[in-house]
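K.L.:
Here it is, the structure, as C-alpha cells.
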Amino acid sequence: MDNTTYFFTILFIPTIPDFQNLVTLCKPHRKRRFLYSGWSRGEPPSELPTPCAHCPLLCPDSHMDARGYKWVRWRVWLCRVLALLTGGLLALFFYWRPRLGVLARCSSCPLALAEVLLIRDSGDKQHVVKVYTEEMEEGSWEMLGELDDTESRDTVQLYQQDQKTLLRYYLLDGLRYVWLDRKGSFVRVSILNEDWTCQDLHEFQRGLSPQEQMFRRQVYGSNLIDVPVKSYIQLLFEEVLNPFYIFQLASVCLWLSDHYYYYAVCIIVISLISIGVSLYEIRKQSVTLHNMARLVVDVKIRKSSGEEQVVSSVDLVPGDCILIPAEGLLLPCDAALLTGECLVNESMLTGESVPVLKTPLPAGDHRYNSEKERRYTLFCGTQVIQGKGDGPEGSLAVAVVTSTGFFTAKGNLVSSILYPQDSDFRFNRDASKFLLFLGLIACMGTIYSIHLLVKYNASLKDIIVRSLDIVTIVVPPALPAAITTATLYAQQRLKKLDVFCISPPRINISGKVSVFCFDKTGTLTEDGLDVWGVMEGSSAGFSELVPNPSCLPPGPVLSALACCHTLTLLHGNPLGDPLDLKMVESTGWILDEPQGNRQTLNSEFGGHRVLAVMKPPTEKHTNAVAIVRRFPFSSALQRMSVVTVTPGGQSVVAFLKGSPEMVASLCKEETVPAQFTTTLSNFSKDGLRVLALGYKPIALDTDLNTIQRGEVEKDLHFLGLLMMKNLVKTETPSVINMLKLASLRTIMVTGMDAMLKPFFINASDNILTAVNVAKSCGMIGSDERVIFVKASPHTDQSRPTLRYSLADDGAAAQDSIEINTHGLYQSGYNYHLAINGKSFAVLSDYFPDQLPKVLMRATVFARMAPDQKTQLVTELRKLKYRVGMCGDGANDCGALRAADVGISLSEAEASVASPFTSKIQNISCVPLLIREGRCSLVTSFSLFRYVALYSLIQFCSVLILYTMRTNLADLQFLFFDLVLVTFLAIVMGKGGPSDELHTRRPPASLWSLPVLGSLLIHASLVVLGQTGAILFTISQDWYVPINGTIPGEDNWPNIEDTSLFAVSGFQYIFMAIVVTKAHPHKKPLYYNGWFLALLLLFSALMIWLVMYPVAFIRRFLSLYPVDDMGFKFVLVGLAALNFFTCLLMELLVDLGLLNCLRLLRGRRQSKKPYKRLDSQLSESSWPPLNQTLCPSHNTVLHLS
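Per my numbering, residue 2 is the first one in the sequence shown, and the count goes up by one each step.
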C-alpha cells in the first residue's frame, strides 16, 4: 500500500445489506440550481449547486482507470502463511509491487462496493488506495437535492438507514473525490461548488449556519495543506526496504558467511552513514515543505445569524463568509472578494513582487471561475497587504471561501512538488535496462563459476557462496548513487551562480533541450515601460505626437491618463501596476485616498462614495477629479474603465483604456479616425506598446453605485493613443545568438493575462510588436520572412478558416506573392510563422492536421493565454522535443511546470512555480543552465561507464582466479572498492562545463552503438590485459602452481592473485581517464584539480605497491613477494600498454569508428516526430500562401 498517495471519494451506503431498500432522496430546486440540504431541528435547508455534467473538473479524472476490489479472507490468510514460509519475501514483494498484492488477496467488484481501488493515471502510473469508512453524525444530512434530468446534473447519492449515514472516502495526491451515481465514477469533491455563479457567491454574504458548516466540513474535510512528516522510525523502515539496501543487506550476509569481515563491516558502516544522511535530508525537506505548506491563522467569519466569530482557518469550508481586516491577512484559502478592495502581494505563488489590487466580484448569472476571475479572487498563500471596506470608516472587506486545502492555488503548487510529473528521460530508462543486462552477465558468470566449483569438488556451501558472490560483483549496488554525484555537483555550481533547483533530475534533462520558449515582457525585454508619447484622435484624424503627457492641455485626454488606473496608496506611497504608475507619473497628477471620515469628502463630490481623488499640479488651472467606480482590467475583455466625478457632482465622465482594437470597437464609429488601422500598424511595427483611450459623459441622475459595466463601456468617444516603449534587455540578443549558433531553436511566447504580468499592456500586445521584438533580439533574421497565420472560428454563418499570408493584412499583390513564394520554397527554411492566441485556439480545435506543422515553423506566439502557453509546451513535447521555458513565474507558471526544463526569473531562492529559479533577471541563465546540464549528462555517462567497467574488471579478475582455484583477498577487494574506485567516482564529476555551447547535444541513450561498442571493446581489452598478465606469470621459470588440495583462503598470498592485483589496479585508475569525456561539453581534465591529483596519487601508489611494497603493506594486502624486478616492470608496462590501447580505441570510437556498422542496417528514419516532420516540410511547398483553408471532412468540430 502506498502510504504517500491518497484518493478521496465520497460514497454513501446503507448500514444493512438490504440494498433493495436503498432510497435516493431528491429535492427539485426552485429558482437556482441546487442542492444539498441538511435540515435539522426545523432549520431551513442549506443550498449548494450541483455539478454540471460537462464540468471541466471531470476532465482531469476522466482518463483515470479505476477498478474496485474487495478483500477475500481466505486469500489474505493464504498470503500471510506464504509470507511466513518465505521468510517475509512475499510480503516484501507485495510491498514493492502493491498492485500484485491486491490482485492476489482481493477479488474484483463494482466501484460502489470496493474496499480497495487500483487506479492507473494518464502517465500509466498505478496507485493502490484504501477505502475508509466513518459514520456521520445523526441529523447532519436528511436530504440531498438535485436538478431535474433535463439539465443533465450528476447526483451524489445518499443512502440512509436507521438514521445512520456512512461516509466512505478515498484520497489521491491529497485530493478528495466524490462518487457520482449516474456518472458511475469518482470525481473531485470540488465539483460540488464548481457550478456556483457569481450571484450565488454574493448570496453567501449572509453566512452559513453551524449545521451547514459541520456538514460541509465532513464532506470537504479540513482546510489544511498537510504535508506529512514521517518519524525517523518510519523513514528508516521505508529506506531499509528499498531494493538497493535489500541487495546491500543480502550482499553483506553473503560476505560475512564467506569471512569477508573487513569488507562487510566497512560496507555496513558506509551504508549506515548513507542511511543516516538520507533520513536527515528527507526529514529536513519534509519539515521545510510542511512548514511552508501548512497555514493556520485565525479568521473572522460571519454566521447566518449575523453574528461575527473568530475561528481557526482549519475549520473554513466553501461558502463561508470571511471578513478581511484593514491591516491585511495571510490568506488560508481561495476566496472571491464580494465587497471592498484588497491590495495583495502574490509573490509567494507567482514570483511577482508588484502588489495587485483586487476589486469586488460583479454579480451575474455566469459561472464563477477563479482563473477567469483572477482580478476578483484572493488566492491561498498570498498576503493581503491592505483591506478596505465599502461601508463607513472601519468597515471590512468581505469575501466568500471558494476552495480549501489542496484544491486551492497554493495546494495545487504544493501538490506539484509532492507529486511531480515523471520525466520520461531516456538515460534513466536505459540505466535500469543496463542493470538487467549486467544481471544477465552475472548469470552467465554464475553458471561458469558453478561449473568450475563442481569440477573442483567444492562443498555445497562454497558453490552457493561463490556463485552468488559473482552477482554482487557484476551488478554494482552503488551505480544509482554514483550517477547522482554529477547532478549534485552541477546543482552546487548553479547555486553559486544564483540559479536554484528544486528538482535535481531536471539538470540532466536540460542538457538535451532542443527548443527553448521565452516569455517576452520582463524576460526578453525590460520590466519597466517608459511613456513614448500621446496622440489625440478624433473624426478629423490624429494630432501631432506629444512626447510628454504633462504638456497636454486640460481636457478629456489628460483626465483619462490621470484617472484610468487601479493604483492605491500604502503608507502614503502609490502602489499598483507599473504601467499605471508610469502613466500617472507622466501627467504630474497626485493620487489621494479618503482618510478618516469619508462623509465630508463624499459630500464634496456630490454625495458619491469616493474611492480616490486625483489632484492636478498647482500650475494646472483645473479641478481635482474623484474616482467613484472602477471596472478592473479583464484579460477576456482586454480593457478597464473608471467612472469619475468633478467637485460638487457637476459632471460625471467614464474613461476607458485597453487594447486599441477593443477600444475602437466600443467607440462610436464616427469618432474613430480613418487612419486608425494604419497608425496602429506603424507604431506596432516600430515595437511600441499601444493603448487606446475613450470617454463617455454619464447623465447626472444615474445611480453610480448600481451602474453596470456594460452600460459604461459602450457608445464611447475615441480619445487617442498612448504609446509606451519597452526595450529589449542588453543581454537578450547575445544569448539568443548563442543559442542559435548551438542549433537550439528559440520561440517567443507573449502573454495576455495582464493581472499576472507586471503590466496589463500585454493584453493589447499586437502581433506586429511581438515580431518586431523577435527581430530586435535576433530570433528572426533581417533576411528572413515572416508568415502570419490567421484562423477564424466556426460561426453560425461560416465555417472555420485558416490562411497563411506574408503580409499581416493579407492584401499582398498576387504577382508579388508568386515571386515571394517561389523564393520562399527555393531557398529552404528561411521563414518564420507568427500566430496569436485566438488563431492558435482555432488551429487546435479545427485544424489538428496543421497544428504540428505550425509548431515546427512558428517562432512568434502572441497574445497567448496562460493555459495556451501550457498547451503550446505540451504539444511541442508530443513532437518529442525537449522543451525549455523561461518566464517571470507569473502567468507562465503552468508552462514552466509543463516544460521539461522551466526557469523562473525571480528574486526568491526557490520558487514553487518552476524546477529552476534564477536571481539573474535576464536570460543569460539559460545557456548557463544548458551548459551545466550537458556537463552533468556527459559526466553521468562517464560515471555510468566507469562503474560498469569497474564491475566488469573485477568480474574478469574473479573468474580468472576462480579458474586458478583462488580469489582476491578480502583487503584487496576493500582497497579497490573503497579507495580507488570510490574516491575516483566521487571527484570525477567535479569538472565544470565548457564556456561555449556546441552545436551537437550529448547523447542520452546508453543503448547507442558508440556506448555499447566502446564498453564491449574496453571489456575485451581488459580481458586481454588480465589474461596476458596471467600467461606471462605462468611462463616464468620460478612460477609454482597453486596447491589445489587446500582452500582458496589458505593459498594467500599467491603469485596469480598478486599479478592480477597489479594489472587490475592500474585498470581501475586508467579507465577513469579513458571514459572521462571533456570536449566539447566539459572543461579539459586538468581543470578538475582533485581528479587529476587523485589520478597521480593512485598511479604512484600502485607503482609503489607493485615495485617496492614494504613488508607490512605486503602482508596487509596478502601480496606475494616477488624479487624479479624485470617481471614487475613488465606488469607495469603491460598495464601502460593496456591503457594506451583503450585510450586509442576510445578516440577512434569518438571519431566514428563504429559508424561503418550503421551501413549494414541501412539508413533509418528518425524515431522523433519533429525530425521526420522537419524533413517532410523541407521537401514540400508548405505553407500554401494566401489560400483560404477549411477543415477536412474528418475533422471533429469543437462543440461548446
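For each residue, glycine too, the CB sits at the ideal point set by N, CA and C.
If you count every other CB in all the chains shown that lies within 10 Å of the CB of Gln851, and 16 or more means buried, which is it?
P.N.:
buried
K.L.:
Starting from Glu537, trace the beta strand (DSSP E) in both directions and tell me its first and last residue.
P.N.:
531 to 539
K.L.:
Can you name the start and end residues of the beta strand (DSSP E) that Cys322 belongs to?
P.N.:
322 to 325
K.L.:
Which parts of the segment 647 to 687 are runs of the beta strand (DSSP E), unbroken and 3 residues or longer, counting only runs that do not cross its ends?
P.N.:
653 to 659
K.L.:
Helix, strand or coil for Val318, going by three-state DSSP, please let me know.
P.N.:
coil
K.L.:
Consult DSSP for Arg800 and reduce its assignment to one of helix, strand or coil.
P.N.:
coil
K.L.:
Quick one: using the 10 Å Cβ neighbour count with 16 as the cut-off for buried, is Pro361 buried or exposed?
P.N.:
buried
K.L.:
Check whether the segment 524 to 544 and the segment 716 to 733 touch, using three or more Cβ-Cβ pairs below 8 Å as the test.
P.N.:
Segments in contact, yes.
K.L.:
Let's test the definition: count the other Cβ atoms within 10 Å of the Cβ of Pro759 and tell me whether it reaches 16, buried, or not, exposed.
P.N.:
Residue confidence for Pro759 is low, a pLDDT of 35 falling below 50, so the modelled location carries little weight; the figure read from the coordinates is stated next. It counts as buried.
K.L.:
Can you give me the C-alpha to C-alpha distance between Leu225 and Ser417, rounded to a whole angstrom?
P.N.:
16 Å
K.L.:
Measure the Cβ-Cβ separation of Lys1169 and Lys879 and say whether it is below 8 Å.
P.N.:
no
K.L.:
I'd like the list of long-range same chain contacts for Pro618, defined as Cβ closer than 6 Å, with 5 residues on each side in sequence excluded.
P.N.:
Gly589
K.L.:
What number of angstroms, rounded off, separates the C-alpha of Pro1 from the C-alpha of Tyr805?
P.N.:
Lying before the first or after the last residue shown, residue 1 is absent from the chain, which here runs from 2 to 1201.
K.L.:
Starting from Met780 and walking both ways along the alpha helix (DSSP H), at which residues does that stretch end?
P.N.:
Element bounds for Met780: n/a, residue is neither H nor E.
K.L.:
Helix, strand or coil for Pro575 per DSSP?
P.N.:
Here Pro575 sits in strand by DSSP.
K.L.:
CA-CA distance, Trp668 and Pro661?
P.N.:
Just to set this straight, residue 668 is Cys in the shown sequence, not Trp. Those two C-alpha atoms are separated by around 11 Å.
K.L.:
Express the C-alpha separation of Ile234 and Glu1057 in angstroms, rounding to a whole number.
P.N.:
48 Å
K.L.:
How long is the line joining the alpha carbons of Tyr246 and Val980, rounded to whole angstroms?
P.N.:
21 Å
K.L.:
Quick one: give me the first and last residue of the beta strand (DSSP E) that Pro633 is part of.
P.N.:
Counting along the chain, the beta strand (DSSP E) containing Pro633 begins and ends at 626 to 635.
K.L.:
Kindly indicate which residue of Arg858, Thr383, Pro1122 has the alpha-carbon position closest to the one of Ala1112.
P.N.:
Pro1122
K.L.:
Going by DSSP, what residue range makes up the alpha helix (DSSP H) through Asn1139?
P.N.:
1126 to 1151
K.L.:
From which residue to which residue does the alpha helix (DSSP H) around Tyr963 run?
P.N.:
926 to 964
K.L.:
With Lys304 and Gly175 assumed to form a contact (beta carbons below 8 Å), what rounded beta-carbon distance in angstroms separates them?
P.N.:
So it is not a contact: roughly 29 Å between Cβ atoms.
K.L.:
Going by C-alpha distance, which of His1082, Pro319, Trp197, Lys991 is nearest Met215?
P.N.:
Pro319
K.L.:
So what does DSSP say about Phe606, is it helix, strand or coil?
P.N.:
Three-state result, Phe606: coil.
K.L.:
Please identify the residue among Gly721, Val774, Thr486 whose C-alpha is closest to the C-alpha of Ser685.
P.N.:
Val774
K.L.:
Evaluate Glu282 with the Cβ neighbour count: other Cβ atoms within 10 Å of its Cβ, from every protein chain shown; 16 or more gives buried, anything less gives exposed.
P.N.:
exposed
K.L.:
Suppose the cutoff is 7 Å on Cβ atoms and the five residues either side in sequence are ignored; what does the same chain contact list for Gln1 look like?
P.N.:
Nothing can be reported for residue 1: it is not among the residues displayed for the chain, which extend from 2 to 1201.
K.L.:
Measure the C-alpha to C-alpha separation of Cys110 and Leu91 and round it to an integer number of angstroms.
P.N.:
25 Å
K.L.:
Candidates Pro575, Gln596, Glu537, Asp704: which alpha carbon is nearest Gly1225's?
P.N.:
Summary: the structure shown does not reach residue 1225, with the chain confined to residues 2 through 1201, and so no result is reported for it.
K.L.:
Straight-line CA distance for His795 to Arg121?
P.N.:
36 Å
K.L.:
At which residue ranges does the segment 455 to 507 contain complete beta strand (DSSP E) runs of 3 or more residues, listed in the order of the chain?
P.N.:
500 to 502
K.L.:
Is it true that the segment 501 to 513 meets the segment 914 to 926, where meeting means three or more beta-carbon pairs spaced less than 8 Å apart?
P.N.:
yes
K.L.:
Once DSSP output is grouped into helix, strand and coil, what is the label at Cys887?
P.N.:
Assignment of Cys887 by DSSP, reduced to helix, strand and coil, places it in the strand class.
K.L.:
To which residues does DSSP link Phe519 through a beta bridge?
P.N.:
Paired residue(s): Met749, Cys887.
K.L.:
Could you give the DSSP three-state label for Met1103: helix, strand or coil?
P.N.:
helix
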